[in-house]
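J.: Numbering (the working numbering), first residue to last: 1093 to 1382.
Idealized CB from N, CA, C, for every residue including glycine.
As the structure is a computational prediction, the values presented were derived from the model and not from experiment.
Structure below.
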């Protein structure tokens, strides 16, 4: 198995119960992440301290910067807008009304749409969908029949989206029409061997490689642009949830973890934040233009 030369370092104490959605904000030069089931956004400062901001009473899934300033957050059934300091919150549109379904993960396309995927609270098969929040704040459904929606990163050209429906054990590549914001086709990009865990949140690098958290597998894996496993980086916790490139040159991969589904006290570092110096720069992420 590839790997062995790159090591993950724990860079915080336990800071979340269910850490997810890391996002490097190039404007402030800081990492943001969510403590999902607390409905909180955390901002990590250079000195390693965190500010915690409550944005929703039940759930905060994924965050992106707004080109006009502030942030958009995918929350339980829709979206919330926050200013730079998280002192003012504005309720955005609701994507769906089903109380048995919640948002999970997402990202922006190259034109600034914010695409967010959902899943059933109980993980029901096919209960989730993928929604697109337009620049005019209109919400449309662009993919259905998803069980656990994870990832969503676009190729540098913007015409391919990378996405995982976690229980399938695959990372898929979806053809994407940038003009219409619709998917055109779908193929398997990489298959995650069951012994490695299942694909969770992901990041994309400047070479077209996909780095995925391996939930249940205690590691991060990189698949190169051809879908071949090229890196396997173990962590000292079982449930690794997501990753994002950051730092001044986008060569630090920040990694979130969770205490979810871990027997109490058995993994004292679960819920901490980790980092890896990858040697490969991450691809810059588009912001929400609405």
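In three-state DSSP terms, what is residue 1370?
T.: If you number the chain shown from 1, residue 1370 lands on position 278. Of the three classes helix, strand and coil, the one that applies to residue 1370 here is coil, per DSSP.
J.: Counting Cβ pairs closer than 8 Å, one from the segment 1216 to 1227 and one from the segment 1278 to 1291, do we hit at least three?
T.: The segment 1216 to 1227 and the segment 1278 to 1291 do not touch, with fewer than 3 CB-CB distances between them shorter than 8 Å.
J.: Who are residue 1245's beta bridge partners in DSSP?
T.: Position 153 of the chain shown holds residue 1245. Residue 1245 is bridged to 1254.
J.: Would you mind stating whether residue 1156 and residue 1200 have Cβ atoms separated by less than 8 Å?
T.: Against the chain shown, residue 1156 aligns to sequence position 64. Against the chain shown, residue 1200 aligns to sequence position 108. A contact, by the Cβ cut-off of 8 Å.
J.: Could you check what DSSP says for residue 1035 in three-state terms: helix, strand or coil?
T.: In this structure the chain extends from 1093 to 1382, so residue 1035 is not present and cannot be described.
J.: Give every residue of the same chain whose Cβ lies closer than 8 Å to the Cβ of residue 1361, excluding the five residues on either side of it in the sequence, and list them in chain order.
T.: Against the chain shown, residue 1361 aligns to sequence position 269. The answer, listed in chain order, is 1102, 1106, 1328, 1329, 1349.
J.: Would you kindly work out how many angstroms separate the C-alpha atoms of residue 1163 and residue 1126, rounded to a whole number?
T.: Indexing the chain shown from 1 puts residue 1163 at position 71. Indexing the chain shown from 1 puts residue 1126 at position 34. A straight line joining the alpha-carbon of residue 1163 with that of residue 1126 spans about 13 Å.
J.: State the Cα-Cα distance for the pair residue 1185 and residue 1094, rounded to the nearest angstrom.
T.: Taking the chain shown and counting its residues from 1, one reaches residue 1185 at position 93. Taking the chain shown and counting its residues from 1, one reaches residue 1094 at position 2. Approximately 44 Å, taken between the alpha carbons.
J.: Judging by CA-CA distance, which residue of 1335, 1333, 1263, 1356 is the nearest neighbour of residue 1315?
T.: Residue 1315 sits at position 223 when you count from the first residue of the chain shown. Among 1335, 1333, 1263, 1356, the Cα nearest to that of residue 1315 belongs to 1263.
J.: Report the residue ranges of all beta strand (DSSP E) runs contained in full by the segment 1259 to 1326; include only those spanning at least 3 residues, in chain order.
T.: 1262 to 1269, 1274 to 1283, 1290 to 1296, 1302 to 1307, 1311 to 1315, 1321 to 1326
J.: Ends of the beta strand (DSSP E) at residue 1185?
T.: In the chain shown, counting from the first residue as 1, residue 1185 sits at position 93. Start and end: 1181 to 1186.
J.: In angstroms with no decimal places, state the Cα-to-Cα distance between residue 1100 and residue 1351.
T.: Within the chain shown, numbered from 1, the residue matching residue 1100 stands at position 8. Within the chain shown, numbered from 1, the residue matching residue 1351 stands at position 259. Whole-angstrom Cα-Cα distance: 18 Å.
J.: Can you tell which of 1341, 1338, 1253, 1311 has the C-alpha that lies nearest to the C-alpha of residue 1317?
T.: Counting from one through the chain shown, the residue named residue 1317 turns up at place 225. Among 1341, 1338, 1253, 1311, the Cα nearest to that of residue 1317 belongs to 1253.
J.: Tell me the DSSP bridge mates of residue 1353?
T.: The residue labelled residue 1353 in the question sits at position 261 within the chain shown. None; residue 1353 has no bridge partner.
J.: Just mark residue 1217 as buried or exposed, buried being the case when its beta carbon has 16 or more other beta carbons within 10 Å.
T.: One-based indexing of the chain shown puts residue 1217 at position 125. Exposed.
J.: Counting only beta-carbon atoms, is residue 1283 nearer than 8 Å to chain B?
T.: The chain inventory of the structure shown lacks chain B, comprising one protein chain alone.
J.: Look at the alpha carbon of residue 1196 and the alpha carbon of residue 1211, and state the distance between them as a whole number of angstroms.
T.: In the chain shown, the residue the question calls residue 1196 occupies position 104. In the chain shown, the residue the question calls residue 1211 occupies position 119. When rounded, the distance between both Cα atoms is 7 Å.
J.: With a Cβ-Cβ cutoff of 8 Å, do residue 1154 and residue 1145 count as a contact?
T.: Counting from one through the chain shown, the residue named residue 1154 turns up at place 62. Counting from one through the chain shown, the residue named residue 1145 turns up at place 53. In this structure, residue 1154 sits away from residue 1145, with a CB-CB distance that is not shorter than 8 Å.
J.: Please classify residue 1129: does DSSP put it in a helix, a strand, or coil?
T.: On the chain shown, position 37 is the one that residue 1129 refers to. Residue state, collapsed to three classes: helix.
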